[in-house]
Structure formats: structure tokens, C-alpha cells
Amino acid sequence: MRKGLLFMGAILLTACLVGCSGQGKSIVPSVPGYDASQKEVIVLGKDLLEISGMYYLPNGKIAAINDEEGKIFFIDADDGDFTVSKFGKKRDYEDIAAIDSFFYVLESNGNIHRVPAGVKHVEEEFEFPREKKIEFESLYHDEPNKRLILLSKEQRESRKGILAYSFDPITLSFSDTPVYTVKWKDIREHLKNNSAEFKPSAAAIHPLSKKLYVVASIGKALLIMSPDGHVESAFLLNPDQFPQPEGITFAPNGDMFISNEGVDGKATILKFPYSQH
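Throughout the sequence shown, residue numbering follows mature numbering (1 follows the signal peptide of the UniProt record, and there is no 0), covering -20 to -1, 1 to 257 in sequence.
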């Protein structure tokens, strides 16, 4: 009976996505604090067709990376104009974060590249343990614990859930074991679908609620979690408006930005203004 209820819940959520006004709602149900009808769409240039990670900077720009290019793009959050700074060779880059005067760029194999801000063609690379057969796409700054967190997309080590490893920006070392695990059981229960896929493609901490937001392109969903990986709520993303969501970041006032790689057209950043009322 429980499986049947979860299945019916998934059908109803999907029907609402495709059957509501216009092309459907952006996110179902509505994310608290965000009115999706007020969203703004920022169309990006062809150089950012494969945008794969974002981080909102204190100066109001968005630092972003493009898959397989050793470049950091600095995007104007109003009109999509950008400047570029090259730091390294072509690799499978997936996400970016910033702490103090350094950028940290994540490779899909877990390696982290530390890039000093304002300096071109300079980087340090720190290798994730090779014996761990894990693929990553998500990196976020866990500020209270003064560390970076990598969330697995594919993991052979565990069938129980998504694995979170840490990287210490002071000692420049990775944790030997996961610092937490997001259980499949909890993910599927909140998505109301026992067979749901959810492969994280980006993550960020909300600056006001301090909750962890994780978006998945494979699974087309957004999860809100506690900082230690307990799922609290789940939302479906409309594939018409989120064809390939690969990045998420927040402005200090809570405005949410989600980027899409250009699947059949141009890449975009969707801005959702935040309101506490």
C-alpha cells in the first residue's frame, strides 16, 4: 500500500508540472520564500553553453565554470555579460566555490584545483584518493565547519545513498571517510517515488535559513536538507524550464540562481527573487 501511495504521489506531482498554466510551473510544490512566477531568465553567450557550476561573489558577480575548460567566468547577474580568467588545462570541471582569496574548482574525479583570485595561469591541484571509485559534480562551502563538501553523483562504495566527503582548505586534505550520507530511502520517500533517481549536479547553502539546497539534472529535482544531510523537503523541476540544471548559488539576500547547460539552445541562469513574506 505504501509503495502504491508513493507512486500515485509522483504521478500527481508530474501532472501538475505539465498541466498547470503555460508550460507548467517551474517548481512543484512551490519552494518556501520563492514565487516562481517572478523568476527572471538570463540568457548566456555561447562560451557558456556548458556552464557546470556557479558561486555568487561579494561584488555581485557570479563566478562560473564551463565543462572541460580551465577558465573562470565572471558573470553579471543582471544581463549575462562576462569576463574570463584562464587558470588551467582542459579537464572535466564540475563546480566552483570561493573562500577568502582563493577559488576552488572541482573535477569529476574529486580532484580540487585551488586558484588564487586575480592571478591568471596559476593553480594547485589536490588529488582525491584514486582507490575510491566515485564521481562528483557538487561542491559547496560549509562555512561553520570551515571546510568544503563534495557530494557524490555516482558511487560504487555505497548503495545506501549519496556520499559527502570534506576538503580542508587549511590542511589541504580530504576526509578519509564520508562525513555524512544522504540515504536513498529518505530521498525517495520525500519525492514520493520508490524508483526515483537523484544524481546531484550542484549544491549550495542558503545564506539565511542555513539549509542545504541540492539540485539534480538526472532526476530533475531539488532537495532541501539539514547541513548534515537529512532530507527535509523535495521539489520537482519542470524539464521545459530546467532542461539540464547544473549549478545553484544564492545572493546574500536569499535570491536563488539555477543554471542550465544549453541542451538544444542557449544556456540560461534562472533567478528566483527571495521574499520572507
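Glycine residues also receive a C-beta, built at the ideal position from the N, C-alpha and C atoms.
Note that the coordinates shown come from a computational prediction; the quantities given were computed from them, not determined experimentally.
When we look at the beta-carbon of residue i and count the other beta-carbons within 10 Å, is it buried (16 or more) or exposed?
{"i": "A97", "result": "exposed"}
{"i": "I150", "result": "exposed"}
{"i": "R139", "result": "exposed"}
{"i": "T63", "result": "exposed"}
{"i": "D75", "result": "buried"}
{"i": "residue 262", "result": "There is simply no residue 262 to check, as the chain begins at -20 and stops at 257 in what is shown."}
Where do the N-terminal and C-terminal ends of the beta strand (DSSP E) with residue i fall, by residue?
{"i": "L86", "result": "82 to 87"}
{"i": "D122", "result": "114 to 122"}
{"i": "V51", "result": "Reading off the sequence, residue 51 comes out as Lys, not Val. Unbroken beta strand (DSSP E) run through K51: 51 to 56."}
{"i": "R110", "result": "Unbroken run through R110: none, as it is neither H nor E."}
{"i": "D72", "result": "Where D72 is concerned, there is no enclosing beta strand (DSSP E), given that its DSSP letter is neither H nor E."}
{"i": "R94", "result": "92 to 96"}
What separation, rounded to the nearest whole angstrom, lies between the Cα atoms of residue i and residue j?
{"i": "S39", "j": "D72", "result": "The displayed chain sequence assigns Asn, not Ser, to residue 39. Near 27 Å, if we compare the C-alpha coordinates of D72 and N39."}
{"i": "E134", "j": "N91", "result": "15 Å"}
{"i": "E115", "j": "Y254", "result": "32 Å"}
{"i": "K113", "j": "Q256", "result": "42 Å"}
{"i": "Y36", "j": "F54", "result": "10 Å"}
{"i": "K5", "j": "E20", "result": "14 Å"}
{"i": "E241", "j": "D61", "result": "16 Å"}
Any idea what DSSP makes of residue i, helix, strand or coil?
{"i": "L28", "result": "helix"}
{"i": "P180", "result": "strand"}
{"i": "P149", "result": "coil"}
{"i": "R127", "result": "strand"}
{"i": "E169", "result": "helix"}
{"i": "S65", "result": "strand"}
Measuring only between beta-carbons, confirm whether residue i sits less than 7 Å from chain D.
{"i": "H170", "result": "No chain D is part of this structure, which consists of one protein chain only."}
Is it true that the region 219 to 233 meets the region 158 to 177, where meeting means three or more beta-carbon pairs spaced less than 8 Å apart? no
Segment contact, 8 Å Cβ cut-off, at least three pairs: the region 102 to 109 with the region 180 to 197: Touching, no.
Quick test of the definition: if touching needs 3 or more C-beta pairs under 8 Å, does the region 183 to 193 touch the region 117 to 127? yes
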